[in-house]
Structures are given as structure tokens and as C-alpha cells.
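Peer 1:
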Amino acid sequence: MPWQDPDGHERLLDRWPEQSPDGLQAWDAADEYLLQQWRTAALPAGARLLLVDDHWGALAVALAGCRPVSWGDSHLGALALAANLRRNGLPADAAPFIPGTDDPGGPFDAALLRLPKALEALQDTLRRLRPALGPGALVLAGGMIKHTPTRAWRLLEQYLGPTPTTPGWKKARVGAATFTNPDPGPAPAAGTYALPADGLEVQGGPGVFGGGRLDGGAALLLRHVPTTDAPLSAADLGCGDGILALALVRRCPRATVLAVDESYRAVACTAANVARNFPGGDAAARVTVRVGDGLNGTPPGSLDLVLCNPPFHQGHAVADSAAGRLFEQARAALRPGGRLLVVGNRHLGHHAKLDHLFGGHELVDGDGRFVVLAATRRD
Ligand SMILES: C[S@@+](CC[C@H](N)C(=O)[O-])C[C@H]1O[C@@H](n2cnc3c(N)ncnc32)[C@H](O)[C@@H]1O
Numbered sequence: 275m276p277w278q279d280p281d282g283h284e285r286l287l288d289r290w291p292e293q294s295p296d297g298l299q300a301w302d303a304a305d306e307y308l309l310q311q312w313r314t315a316a317l318p319a320g321a322r323l324l325l326v327d328d329h330w331g332a333l334a335v336a337l338a339g340c341r342p343v344s345w346g347d348s349h350l351g352a353l354a355l356a357a358n359l360r361r362n363g364l365p366a367d368a369a370p371f372i373p374g375t376d377d378p379g380g381p382f383d384a385a386l387l388r389l390p391k392a393l394e395a396l397q398d399t400l401r402r403l404r405p406a407l408g409p410g411a412l413v414l415a416g417g418m419i420k421h422t423p424t425r426a427w428r429l430l431e432q433y434l435g436p437t438p439t440t441p442g443w444k445k446a447r448v449g450a451a452t453f454t455n456p457d458p459g460p461a462p463a464a465g466t467y468a469l470p471a472d473g474l475e476v477q478g479g480p481g482v483f484g485g486g487r488l489d490g491g492a493a494l495l496l497r498h499v500p501t502t503d504a505p506l507s508a509a510d511l512g513c514g515d516g517i518l519a520l521a522l523v524r525r526c527p528r529a530t531v532l533a534v535d536e537s538y539r540a541v542a543c544t545a546a547n548v549a550r551n552f553p554g555g556d557a558a559a560r561v562t563v564r565v566g567d568g569l570n571g572t573p574p575g576s577l578d579l580v581l582c583n584p585p586f587h588q589g590h591a592v593a594d595s596a597a598g599r600l601f602e603q604a605r606a607a608l609r610p611g612g613r614l615l616v617v618g619n620r621h622l623g624h625h626a627k628l629d630h631l632f633g634g635h636e637l638v639d640g641d642g643r644f645v646v647l648a649a650t651r652r653d
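To convert, count from 1 in the sequence shown and add 274; that's the numbering used here.
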């Protein structure tokens, strides 16, 4: 989609995946407001700039001339960034991407930060960001007003320093923090929950789905995770804290399990939960945990079973097509006769997507909110 950035340059920007049927644009007024405020801040040429959670690369494309480093939690965001640099004729290294769970390097003189929707994620980002900032560094943080609780600005003050905010513009707001605060206090403890019947204890992570509590949909799906001594090649598609993969490993002693998520935090959280529940044993060796765009790259026809509690939000916009895409990938990765087990809110209509892709579905279970559906690959 064409975009005129605040400097008047014509750009081309898309989300990932490209040409998604949702037709959602890859930038918003908060990106534009951040760019305007960056211009007025007038930092000296050569200032080292970090972009934090730049959703689809709009900030990176507009500021490529400053040679920023892009640091974020989303693998889909990283794929969009690479594609958007390419489609604007910019070199791949114009804004190198570093996963948010890694050290971004530094010290940086300034950062432009897109406020995440979860405050725990913001707190975690700020805690990791601090060591990467030079003294007095400027952090411009922006978000859409309706998605930015007052507490977000308080967290910026707590973790960074004084953060005056701008008046609203096109329903967006920016805060300008100066990094002066030496001690934000200890990091909050992550929540944990147990599944005594499976002998599992799961720790949540900041910004990871569930927030340290068992999701109602996952709980319903867990009732149908098989127990078998037979060899099984399975995947937990969109693993979050890893609960479905952990249950599979526990209940199926000969299963190999791929746990994949597009969020670096989720993958780190799952890996930590595998280590916590299967310390050093053969069970841990049966799980592969990796960041990825769903099952892209998984050999076609290689899986017996896919478990999926799919996302239904992309940022704040409902992006139901994300679930349909994951089901399509699951179908391709399953062997003929292999099964996809899905849980979702009743109203989402996943059954229609399964009918379209698999030629039918089975209603396995349901409660007031969720349904569990199964589909079998026939050919
Ligand atoms: C509803 S949560 C389910 C988490 C966990 N499986 C559970 O049941 O509690 C959906 C997960 O899918 C991940 N996700 C979204 N799009 C993805 C994609 N294209 N590839 C891999 N994971 C994705 C999200 O990051 C999120 O962790």
C-alpha cells in the first residue's frame, strides 16, 4: 500500500503476510506522530537510534537514513520489515533486526518505541532497554490513545525518567522520556499454574498469551490431547507458554513435538517451561522449540497431529484470517490421515474454515465459550 511519510516521501508498506484479506494498513497515526516528534527533537547527525517494536517497519523505512537498529518481539514484524525495506529499494542492512529477547547492543542515544498493548510486556521491554541506553538518552514512546492506559506513562517515568506527553493528534499520543532514572526497583514475578494430573508446572512470561494463567480454550483442548505409546510426530502451532506441547510430551512418551510461535518471548517462555518440567532428560530432547511463521518450512506431509489454539487478534484489529492461514499450513504439514485439533471462541466460525480446507470437521467438545474442532487430512 502506498504511504506518504511525514517528510513527504512516497513509501510502499505492507504487513506480513502480504496481501492479507483483512486489508489492514501497515502504519498508523502513532507511527506518524513519532516521526514528527523525532524531527523536532533534532538529535545530532550520527546519533545512534534504536526502534523498539516497530510493528511492520514503517519507522525503519522512514528513518533508514539514520541507520537504526530494529529490536522487537515479533517474527512476523521482522519478516514485514525485511520485505518493506526491499520494496522501497533499501538495503537489507539499513535497519538490522534483533529479537527482543536478545541484547540490542548500544549504547543508543535515542529510541522510538511503539507502546505494546500489554503493560507487562512494556515493563519487560523497558527493563531490557535500560542497559542499552546512554545517559540522558531520549526515548519517544507512542501509541493510539485508546490503547494506551495512563499506567503506561507511569511505567516510562519509573523505568526511564521524566516523560512529558504531547497533546493528542489523530487519536495518537507520544511521550518523550529522558533516561535519568538509576533504579526502577525489582522485576515483577511471573505467574505460574499447575496441571497436577500431568505433573506439569507452567510459568507465564510478560506479554505471553495467558499471562501465567491457564487459558479457558487451552483447558478445553487439553482434555483431548491424546495419551499414547505409539510414535507420533506432532506440532503445537502458536505455542505461547508451551502448555499444549508439554502435555503432549508428558502423555506420549514416543512423540516428537515441534513448538512454534511468532513471538520471541513466547518461544523463550516455552523453552524455559520445557527445561523446568523435563530437566536434562530424553523428554526434553523430543521437543523442538522455535520461532517461525507457523509451520512454514515444515516438510509437507510430515506430521501426524497438529494442536492449535489460534490467535484472533493482530495488534488491536481483529484478524481472523491469521487463524485460517495457520490451518492451511497445518493441512500442508499433515500426512494423509493426520489430524488438526483446534480450539476457538464459538463465534469465530473456525468450522467453516476447516470445511473449506479439509472438506469437513468434527465437533469434539464445547462449553459456553469455546468449541474444540477436529479435521482430518484426507489426501
Ligand atoms: C491464543 S495463543 C495460544 C497459546 C497457547 N498455545 C495456549 O493455548 O495457551 C496464540 C499464539 O499464536 C501465536 N501466533 C500468532 N500468529 C502466529 C504465526 N503466524 N506463527 C506462529 N505463531 C503465531 C501468538 O504469538 C500466540 O502465542
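Glycine included, C-beta positions come from ideal geometry on N, C-alpha and C.
Any heavy atom of ligand 1 closer than 7 Å to the CB of Ala540?
Peer 2: If you number the sequence shown from 1, residue 540 lands on position 266. True, at least one ligand heavy atom lies under 7 Å from that Cβ.
Peer 1: Using the C-alpha atoms, what's the distance from Thr650 back to Cys582?
Peer 2: In the sequence shown, the residue the question calls residue 582 occupies position 308. In the sequence shown, the residue the question calls residue 650 occupies position 376. Cα to Cα, the separation comes out at about 14 Å.
Peer 1: Within 10 angstroms of the Cβ of His349, are there 16 or more other Cβ atoms? Answer buried if so, exposed if not.
Peer 2: Position 75 of the sequence shown, counted from the first residue, corresponds to residue 349. By the 10 Å Cβ count, His349 comes out buried.
Peer 1: Per DSSP, what are the beta-bridge partners of Glu475 in this structure?
Peer 2: As a first step, residue 475 is located in the sequence shown; it is residue number 201 there, counting from the start. Answer is Ala468, bridged to Glu475.
Peer 1: So what does DSSP say about Gly636, is it helix, strand or coil?
Peer 2: On the sequence shown, residue 636 is found 362 positions in, with the first residue counted as 1. The amino acid occupying residue 636 in the given sequence is Glu; Gly does not appear at that position. Reduced to three states, the DSSP call for Glu636 is strand.
Peer 1: Decide if Pro378 is buried, meaning its Cβ has at least 16 other Cβ atoms within 10 Å, or exposed.
Peer 2: Walking along the sequence shown from the start, residue 378 turns up at place 104. Pro378 should be labelled buried.
Peer 1: If Leu430 and Gly449 are in contact, beta carbons under 8 Å, what's the gap, nearest whole angstrom?
Peer 2: In the sequence shown, the residue the question calls residue 430 occupies position 156. In the sequence shown, the residue the question calls residue 449 occupies position 175. Going by Cβ atoms, the distance from Leu430 to Gly449 rounds to 6 Å, so yes, they are a contact pair.
Peer 1: Ligand 1 heavy atoms versus the CB of Gly484: any closer than 7 Å?
Peer 2: The residue labelled residue 484 in the question sits at position 210 within the sequence shown. Within the cutoff, so yes.
Peer 1: Kindly provide the ranges of any beta strand (DSSP E) runs that are 3 or more residues long and lie completely inside the region 432-467, ordered along the chain.
Peer 2: The region 432-467 contains these whole beta strand (DSSP E) runs: 446-452.
Peer 1: Relative to the alpha-carbon of Pro365, which residue among Pro573, Glu602, Ala356 has its alpha-carbon at the smallest distance?
Peer 2: Within the sequence shown, residue 365 is the residue found at index 91, counting from 1. Of the candidates Pro573, Glu602, Ala356, the one whose C-alpha sits nearest the C-alpha of Pro365 is Ala356.
Peer 1: Between Asp457, Gly416, Gly566, which lies nearest to Thr440 when the distance is taken from Cα to Cα?
Peer 2: Walking along the sequence shown from the start, residue 440 turns up at place 166. Closest option to Thr440, Cα to Cα, is Gly416.
Peer 1: Bridge partners of Gly417, per DSSP?
Peer 2: Taking the sequence shown and counting its residues from 1, one reaches residue 417 at position 143. Answer is Arg447.
Peer 1: Using the rule of at least 16 other Cβ atoms within 10 Å of the residue's Cβ for burial, across every protein chain shown, is Glu292 buried or exposed?
Peer 2: What you label residue 292 is simply residue 18 of the sequence shown in a count that begins at 1. Classification for Glu292: exposed.
Peer 1: Mind checking whether Trp443 and Tyr538 have CB atoms under 8 Å apart?
Peer 2: Position 169 of the sequence shown, counting from 1, holds the residue named residue 443. Position 264 of the sequence shown, counting from 1, holds the residue named residue 538. Cβ distance not < 8 Å, so Trp443 and Tyr538 don't count as in contact.
Peer 1: With 16 other CB atoms within 10 Å as the buried threshold, where does Asp457 fall?
Peer 2: In the sequence shown, residue 457 corresponds to position 183, counting from 1. Burial call: exposed.
Peer 1: Would Met275 be called buried (16 or more neighbouring beta carbons within 10 Å of its own) or exposed?
Peer 2: What you label residue 275 is simply residue 1 of the sequence shown in a count that begins at 1. By the 10 Å Cβ count, Met275 comes out exposed.
Peer 1: As a quick exercise: from Ala411, Ile419, Arg289, pick the residue whose alpha carbon is nearest that of Asn455.
Peer 2: In the sequence shown, counting from the first residue as 1, residue 455 sits at position 181. Comparing Cα positions, the closest option is Ala411.
Peer 1: Sort Gln432, His421, Met418, Ala426 by Cα distance to Arg404 and report the nearest one.
Peer 2: Within the sequence shown, numbered from 1, the residue matching residue 404 stands at position 130. The residue with the shortest Cα to Cα distance from Arg404 is Gln432.
Peer 1: Beta-carbon within less than 6 Å of Asp281's beta-carbon, same chain only, minus the 5 sequence neighbours each way: which residues are those?
Peer 2: Against the sequence shown, residue 281 aligns to sequence position 7. Excluding residues within five positions, none has a Cβ falling inside 6 Å.
Peer 1: Roughly how many angstroms separate the alpha carbons of Ala321 and Ala336, rounded to a whole number?
Peer 2: The residue you call residue 321 lines up with position 47 of the sequence shown. The residue you call residue 336 lines up with position 62 of the sequence shown. Approximately 16 Å between the Cα atoms of the pair.
Peer 1: Gly516 and Phe483: beta carbons closer than 8 Å?
Peer 2: Within the sequence shown, numbered from 1, the residue matching residue 516 stands at position 242. Within the sequence shown, numbered from 1, the residue matching residue 483 stands at position 209. No; because the gap between Cβ atoms is not below 8 Å, this pair is not in contact.
Peer 1: With DSSP as the reference, identify every bridge partner of Val662, one or two as the case may be.
Peer 2: The question about residue 662 has no answer, for the chain in this structure spans 275 to 653.
Peer 1: Compute the distance between the beta-carbons of Leu577 and Ser507, then report whether it is under 8 Å.
Peer 2: Start at 1 with the first residue of the sequence shown, and residue 577 comes out as number 303. Start at 1 with the first residue of the sequence shown, and residue 507 comes out as number 233. Cβ distance < 8 Å, so Leu577 and Ser507 count as in contact.
Peer 1: So, is Gln603 buried or exposed, given that buried needs 16 or more other C-beta atoms within 10 angstroms?
Peer 2: Walking along the sequence shown from the start, residue 603 turns up at place 329. Counting Cβ neighbours within 10 Å, Gln603 comes out buried, since at least 16 surround it.
Peer 1: Would you call Asp288 buried or exposed, if buried means 16 or more other Cβ atoms sit within 10 Å of its Cβ?
Peer 2: For this step, residue 288 is matched to residue 14 along the sequence shown. By the 10 Å Cβ count, Asp288 comes out buried.
Peer 1: Closer than 6 Å by C-beta to Asp347: which residues in its own chain qualify, once you throw out the five before and the five after it? Chain order, please.
Peer 2: Here the question's residue 347 lines up with position 73 in the sequence shown. Once the five neighbours on either side are set aside, the close Cβ partners of Asp347 are Gly374, Ser537, Tyr538, Arg539.
Peer 1: For Asp405, is the beta carbon positioned less than 7 Å from some heavy atom of ligand 1?
Peer 2: Numbered from its first residue, the sequence shown carries residue 405 at position 131. Note on identity: in this sequence residue 405 is Pro, with Asp being the wrong assignment. Result no, Cβ not under 7 Å from ligand 1.
Peer 1: Using only the alpha-carbon positions, how far apart do Gly485 and Gly478 sit?
Peer 2: Taking the first residue of the sequence shown as position 1, residue 485 is located at position 211. Taking the first residue of the sequence shown as position 1, residue 478 is located at position 204. Roughly 5 Å separates the two Cα atoms.
Peer 1: Can you name the start and end residues of the beta strand (DSSP E) that Gly346 belongs to?
Peer 2: On the sequence shown, position 72 is the one that residue 346 refers to. Unbroken beta strand (DSSP E) run through Gly346: 343-346.
Peer 1: Please name the residue, chosen from Leu647, Asp328, Leu317, that lies closest to Val499 on a Cα-to-Cα basis.
Peer 2: The sequence position of residue 499 within the sequence shown is 225, counting from 1. Among Leu647, Asp328, Leu317, the Cα nearest to that of Val499 belongs to Leu647.
Peer 1: Who pairs with Ile517 in a beta bridge, going by DSSP?
Peer 2: Position 243 of the sequence shown holds residue 517. Answer is none; Ile517 lacks a bridge partner.
Peer 1: Is there contact here, the region 519-535 with the region 616-635, by at least three beta-carbon pairs under 8 Å?
Peer 2: Touching, no.
Peer 1: For Asp629, which three-state DSSP category applies?
Peer 2: Mapped onto the sequence shown, residue 629 falls at position 355. Note: Asp629 maps to helix in three-state DSSP.
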